[in-house]
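Residue numbers (our numbering): 222 to 355. We put the beta carbon where it would ideally sit given N, CA and C, even for glycine.
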Amino acid sequence: MNCPNCHNEIPDDSKYCPKCGYNLSQNPVNATQDWNRFNDPQYTRHIPNNLVWAILTTIFCCLPFGIVSIVYAAKVDGLVAERKYADAEKASRNARNWAIVAAVVHVCLVIVYCIFAFLFWGSVTAFHVMHMWA
222 MNCPNCHNEI PDDSKYCPKC GYNLSQNPVN ATQDWNRFND PQYTRHIPNN LVWAILTTIF
282 CCLPFGIVSI VYAAKVDGLV AERKYADAEK ASRNARNWAI VAAVVHVCLV IVYCIFAFLF
342 WGSVTAFHVM HMWA
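Here it is as structure tokens:
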């Protein structure tokens with residue numbers, strides 16, 4: 222059995238915790254059940270860390286925004302382990318949002334590059350065609 226106050230392991234027949242002095246005669250069965258529930262993984266919430274998207278957008282899209290996404294994604298699991306679910310959800314949202322920003326910036330840059338490449342290629346081709354006939 223574990224003490225509900227300090228979580229120290231104590232003998233089952235104890236009335237007081239030898240470490241902190243907590244009175245175990247209040248309701249030791251519920252205290253043990255609460256401690257087991259606290260450590261049971263099924264009672265922890267799953268919050269996605271979006272680390273895969275952060276890494277993919279860093280490699281294939283936009284490095285600066287992808288790094289920000291990785292930093293936020295790396296915080297999520299630690300916050301969940303500390304039971305700070307609101308902060309973990311906020312970090313998860315930030316990781317997802319920065320990954321989306323990195324992908325959108327990449328798509329915009331590719332579109333702008335294609336436009337300029339087409340315009341430049343078109344002007345170079347027209348220049349060569351004009352000088353070829355001259």
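Self-check item: Alpha-carbon spacing of E310 relative to A295, whole angstroms
Solution: Annotation: E310 to A295 spans about 12 Å, alpha carbon to alpha carbon.
E230 by DSSP, collapsed to three states: which one? DSSP, read as helix, strand or coil, puts E230 in strand.
_Straight-line gap, P338 to L330 (C-alpha atoms, nearest Å)_ = Here the sequence assigns Ala to residue 338, which means Pro is not the residue at that position. CA-CA distance, A338 to L330, rounds to 12 Å.
Endpoints, the alpha helix (DSSP H) within which G299 is located: Looking at the DSSP string, the run of the alpha helix (DSSP H) that includes G299 is L284 to A302.
- Please report how far the alpha carbon of P239 lies from the alpha carbon of P269, in whole angstroms. Rounded to whole angstroms, P239 to P269 spans 41 Å at the Cα level.
Roughly how far, in whole angstroms, is the beta-carbon of W319 from the beta-carbon of Y293, given that I think they are within contact range, below 8 Å?
Indeed, because the Cβ distance is near 6 Å, the residues count as touching under 8 Å.
Contact set for N226: own chain, Cβ-Cβ below 7 Å, skip 5 residues either direction
C238, C241 and Y243.
Q) Where does V297 land, buried or exposed, given buried means 16+ other C-beta within 10 angstroms? A) Counting Cβ neighbours within 10 Å, V297 comes out buried, since at least 16 surround it.
ask   = Quick one: does I321 have its CB under 9 Å from some CB of chain D?
value = The chain labelled as chain D is not found in the depicted structure, where only one protein chain is given.
Could you check if V301 is buried or exposed, using at least 16 other CB atoms within 10 Å of its CB as the buried criterion? V301 should be labelled buried.
Go ahead and pull the three-state DSSP assignment for Y360.
This structure gives no information on residue 360, because the portion of the chain shown stretches from 222 to 355.
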